[in-house]
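Chemist:
Number of protein chains: 2
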Amino acid sequence: MPILVMKFGGTSVADLDRIANAAEKVKREVERGYDVIVIVSAMAGKTNELVKWVNETSGFYDAREYDAVVASGENVTAGLMALRLQEMGVSARSWQGWQVPINTTSQHGSARFVSIPREHIDAKFAEGFRVAVVAGFQGVSAEGRITTLGRGGSDTTAVAFAAAFDAERCDIYTDVDGVYTTDPRITSKARKLDKISYEEMLELASLGAKVLQTRSVELAMRYKVRLRVLSSFDETDETSGTLVCDEEEIMESKVVSGVAYSRDEAKITLFTIDDRPGIAAAIFGPLADAGVNVDMIVQNISEKDYDEAHSGAVTDMTFSCPVDQVKLAKKAMEEAKAAGKIAYDELIVDTDVSKVSVVGIGMRSHAGVAAKMFKALSAENVNIKVISTSEIKISVLIDRKYMELAVQTLHDAFELEKSV
Amino acid sequence: MPILVMKFGGTSVADLDRIANAAEKVKREVERGYDVIVIVSAMAGKTNELVKWVNETSGFYDAREYDAVVASGENVTAGLMALRLQEMGVSARSWQGWQVPINTTSQHGSARFVSIPREHIDAKFAEGFRVAVVAGFQGVSAEGRITTLGRGGSDTTAVAFAAAFDAERCDIYTDVDGVYTTDPRITSKARKLDKISYEEMLELASLGAKVLQTRSVELAMRYKVRLRVLSSFDETDETSGTLVCDEEEIMESKVVSGVAYSRDEAKITLFTIDDRPGIAAAIFGPLADAGVNVDMIVQNISEKDYDEAHSGAVTDMTFSCPVDQVKLAKKAMEEAKAAGKIAYDELIVDTDVSKVSVVGIGMRSHAGVAAKMFKALSAENVNIKVISTSEIKISVLIDRKYMELAVQTLHDAFELEKSV
């Protein structure tokens, strides 16, 4: 029988009623003829409770024990879901990570998949079981210790199972009904996409449309797993939600698919640094060590092209990071300067910026997207502070007060309210 | 290094403070030179929550899934306890049932031990770990499914580990500070026993002094595991609590060690039944099938020794059971009568009785205990309705209103307030 993977996140299994609701959706797919692998998260709030206990028990905790405690939340949901399905007449069995086994590396808290042997679950399907309910977010190391994949790892578990079992599709049930051209809270013209390519989804996810975990989309892209995002709170059918798939499968293709944003960005500029080989490493090494998530980086020739205080060419370096990491970043730079590893005249922080991006696979073959974007923003007097581009994305840093305006303007400019 | 097993029940690990308190006691034993195996229950209330969820999810639940859900409570405690010990500088590792592995039968919900291989835990001790924190109450079946031993199974886990690891002792930390000559709520003269034999403990446990699970005492007796009951809320040292041990180890031996009681008993009498071979089976078979825990049984010749309605000899049959099983028992008897399997003229129920017992290993070699007991009760005008005896116990069924009086009277009569 064809296999379908269905994943339910924490809010979708937050209580017994919601577990029952999710089970109904599983039952419907069984009736359509699928053998189903269900991946479940912990009931909403449970993981936080466990994490809190761990933190209160131990300052610098042992990640092995953290994992052993925290993974228990998913086990409870898996058992309850299997029971609910049985109660509805569907033959189901729960699976914890070690039972499958979901073999992972030993990096506790952020383990990666090594292998997911099909043998045991296939044997149960062969016995006539129709559903395997698998505890998401966890696995087992070669040492026989419970591992976790990090928060949100249940999406990744779902995709990994879809790949391992050659599933027809991997349906991610969540609290939104799909992927939108932009945030509907910013413009009512935002439109749900029927399909989106892996590449676009990756750019949208990492830019703040937090529907799917980035890692799960990467994995889906690598193994060509067709991923569907849909709501666990609506009535759903085979056409609901948004399908994240290979671009080959997307017939109609707009140049731009969506407008993403990230509200709380900061821009940090180091003025008058030595323009020498290795200077980028000297700056961004300490930032990475300090745990700063540097996003955009722009290096530009300093206005003061040659400075008496410096022996060679000088330059300025600008980068962006989340606002709440500014202190970390400043400290890392000041320490590097004090240690003589880098030299700069001044460090200027602007904490009132946001990032707005247009994303679209069609950019690859269409010129003029950047020009159109800049023109539209200019027409609204939105000043662009930093620009960075990739093959399918153009991002700009602007003053935060213009963020909503910019998103609305770009959504209009690229006519995203229209389907094709 | 010598091995000590320490077990902490649900109230002893009810929250993070109590887990920390228990960890202190473990640390002290490590400092005394023991390698310690700690058996933990779920945090008080957690198992009930999980059981409630299972019951609300599924009417006739699958015991495999019940076990998978319910066992997770102990896993959380095990991880937290290991973290707490690490925080205190004690090298500890948590162990779930399947990791040890604790091999059990497949009787989910009431599994029995098959084997507890020492290999993995011994290897950790050899590496320098000083504490293995084991999730109690659970195991793993040959099919790789999680099993549970039934409520209270953590005591049994502790004893099984003590046997498997040749532990010097198995300390059961609970919310009482030991085993008493009788319930201190009934008489302030009740005295804590320093030592008690397995046999006496078994009689006391099954009679209502619910300090230790009967099964754990049976197991301790079979493997000669020295069992100590002590309070997790008091300061404790090597002499605290009560040691349950082989009678050889008990130097001073009183004839009677304790007075036990069971308040809510019922007495059921079937009048005028055929006195034929197989009649006991015909009566107690249906009662067992209905789940009635029959305790005392007395068969006596009917006053109406020969009855016209019966073709042969007749008799009366009296038995006791918990009050809340009277309905079940009546129904089972009436159905058996209707089906023609048994015949009786009348079924009389007395729901206002209690059982009081004196227990003591010394009875084996001392005559006159029964006579002394009956005389003491008679002096207080307590009427005895049913008597049953075993090698080390004499039990009587009396009107409930006399229960406290009877316990106090017997405690005085056998001078239990005095040690030896």
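Protein sequence lines correspond, in order, to chains V and R. Read in order, the letters of the first sequence are residues 1019 to 1438 in the numbering used here. Read in order, the letters of the second sequence are residues 1019 to 1438 in the numbering used here. From the three backbone atoms N, C-alpha and C, an ideal C-beta is built for every residue, glycine too.
(1) Return helix, strand or coil for LEU1022 (chain R), following the three-state DSSP convention.
(2) Could you pull out every unbroken beta strand (DSSP E) segment of at least 3 residues lying fully inside the stretch 1396 to 1424 of chain V, listed in chain order?
(3) Output, in chain order, the set of chain R residues within a Cβ distance shorter than 9 Å of GLY1077 (chain V).
(4) Between V:PRO1295, V:ARG1046, V:ILE1315, which lies nearest to LYS1373 (chain V) when the distance is taken from Cα to Cα?
(5) Can you tell me whether ILE1379 (chain R) is buried or exposed? The criterion is at least 16 other CB atoms within 10 Å of its CB, across all chains shown.
(6) Counting pairs of beta carbons, one from the stretch 1249 to 1267 of chain V and one from the stretch 1030 to 1046 of chain V, are three or more of them closer than 8 Å?
(7) By DSSP, does LYS1242 (chain R) sit in helix, in strand, or in coil?
(8) Excluding five sequence neighbours on each side, which residues of the same chain lie with their C-beta closer than 6 Å to the C-beta of ASP1085 (chain V)?
(9) Out of V:THR1232, V:ILE1286, V:SER1258, which has the shortest C-alpha to C-alpha gap to LEU1305 (chain V)?
(10) How would you list, in chain order, the residues of chain R whose beta-carbon sits under 7 Å from the beta-carbon of GLU1083 (chain V)?
(11) Quick check: is the beta carbon of LEU1034 (chain V) nearer than 7 Å to any beta carbon in chain R?
(12) So, under 8 Å CB-CB, LYS1025 (chain R) and ASP1173 (chain R) are touching, yes? Tell me the CB distance rounded to an integer number of Å.
(13) For the putative contact between GLU1364 (chain R) and PHE1289 (chain R), defined by C-beta atoms under 8 Å, what is the C-beta separation to the nearest angstrom?
(14) To the nearest angstrom, report how far apart GLN1104 (chain V) and GLY1154 (chain R) are at their CA atoms.
(15) At a Cβ threshold of 7 Å, is ASP1140 (chain R) touching chain V?
(16) On the DSSP bridge list, what partners appear for THR1165 (chain R)?
(17) Using a Cβ cut-off of 8 Å, pull out every chain V residue sitting near GLU1074 (chain R), in sequence order please.
(18) Could you list the residues in the stretch 1114 to 1129 of chain R with a C-beta less than 9 Å from some C-beta on chain V, going in chain order?
(19) Got a sec: is the Cβ-Cβ distance from VAL1247 (chain R) to anything in chain V below 7 Å?
(20) Between the C-alpha atoms of GLU1265 (chain R) and GLU1218 (chain R), what's the straight-line distance to the nearest angstrom?
(21) By Cβ distance, which residues of its chain are closer than 7 Å to TYR1362 (chain V), with the 5 residues on each side in sequence left out?
(22) Just to make sure I have the definition right: I need the residues of chain R whose C-beta is within less than 7 Å of the C-beta of LEU1288 (chain V). Which are they?
(23) If you run the structure through DSSP and keep just helix, strand and coil, what is GLN1343 (chain V)?
(24) Closer than 8 Å is the cut-off here; do at least three beta carbon pairs connect the stretch 1236 to 1244 of chain R with the stretch 1176 to 1196 of chain R?
(25) Measuring straight from C-alpha to C-alpha, what distance separates GLY1358 (chain V) and VAL1367 (chain V)?
(26) Which bits of chain V does ASP1080 (chain R) rub up against, with CB to CB less than 8 Å?
(27) Can you round the beta-carbon distance between VAL1229 (chain V) and TYR1216 (chain V) to whole angstroms, since I take them to be within the 8 Å contact cut?
(28) What residues from chain R crowd round SER1250 (chain V), counting only those whose CB sits closer than 9 Å?
(29) Determine the DSSP secondary structure at GLY1016 (chain R), reduced to helix, strand or coil.
(30) Quick test of the definition: if touching needs 3 or more C-beta pairs under 8 Å, does the stretch 1144 to 1153 of chain V touch the stretch 1112 to 1127 of chain V?
(31) Taking a Cβ distance cut-off of 7 Å, strictly less, list which residues of the stretch 1047 to 1068 of chain R are near chain V, in chain order.
(32) If you measure beta-carbon to beta-carbon, which residues of the stretch 1399 to 1411 of chain V are closer than 8 Å to chain R?
(33) Among all the DSSP beta bridges, which residues are the ones paired with THR1287 (chain R)?
(34) Kindly list the residues whose CB is nearer than 7 Å to the CB of PHE1392 (chain V), restricted to its own chain and excluding five residues on each side of it in sequence; keep chain order.
(35) Under 8 Å between beta-carbons, which chain V residues line up against GLY1162 (chain R)? List them in chain order, please.
(36) Using a Cβ-Cβ distance cut-off of 7 Å, determine whether SER1090 (chain R) contacts chain V.
Modeler: Quick look at the numbers:
(1) strand
(2) 1402 to 1408, 1411 to 1417
(3) GLU1105
(4) The shortest Cα separation from LYS1373 (chain V) among V:PRO1295, V:ARG1046, V:ILE1315 belongs to V:ILE1315.
(5) Burial call: buried.
(6) In short, these stretches touch, since the Cβ pair count reaches three.
(7) coil
(8) HIS1126, ILE1164, THR1165, THR1166
(9) V:ILE1286
(10) GLY1097, ALA1100, LEU1101, SER1112
(11) Closer than 7 Å to the CB of LEU1034 (chain V) there is at least one CB belonging to chain R.
(12) Indeed, because the Cβ distance is near 6 Å, the residues count as touching under 8 Å.
(13) 4 Å
(14) 28 Å
(15) For ASP1140 (chain R), the answer is no, since every Cβ of chain V falls outside 7 Å of its Cβ.
(16) According to DSSP, which records beta bridges pairwise, THR1165 (chain R) is partnered with R:GLY1157.
(17) Simply LEU1034.
(18) GLN1114, TRP1116, GLN1117
(19) no
(20) 9 Å
(21) For TYR1362 (chain V), where only same-chain residues beyond five positions count, the Cβ hits under 7 Å are LEU1288, PHE1289, THR1290, ILE1291, LYS1355.
(22) The contacting residues do not exist; LEU1288 (chain V) stays about 41 Å from chain R at best.
(23) helix
(24) By the Cβ criterion, the stretch 1236 to 1244 of chain R is in contact with the stretch 1176 to 1196 of chain R, since at least three pairs of Cβ atoms, one from each stretch, lie closer than 8 Å.
(25) 21 Å
(26) ALA1100, LEU1101, GLN1104
(27) 13 Å between Cβ atoms; not a contact.
(28) Per Cβ cutoff of 9 Å: no residues; SER1250 (chain V) is ~17 Å from chain R at best.
(29) With chain R represented from 1019 up to 1438, any question about residue 1016 (chain R) goes unanswered, as that position is not in the structure.
(30) Three or more Cβ pairs closer than 8 Å define a contact, and the stretch 1144 to 1153 of chain V meets that threshold against the stretch 1112 to 1127 of chain V.
(31) LEU1068
(32) none
(33) R:THR1336, R:ILE1366
(34) ILE1402
(35) In chain order: GLN1117, HIS1138.
(36) yes
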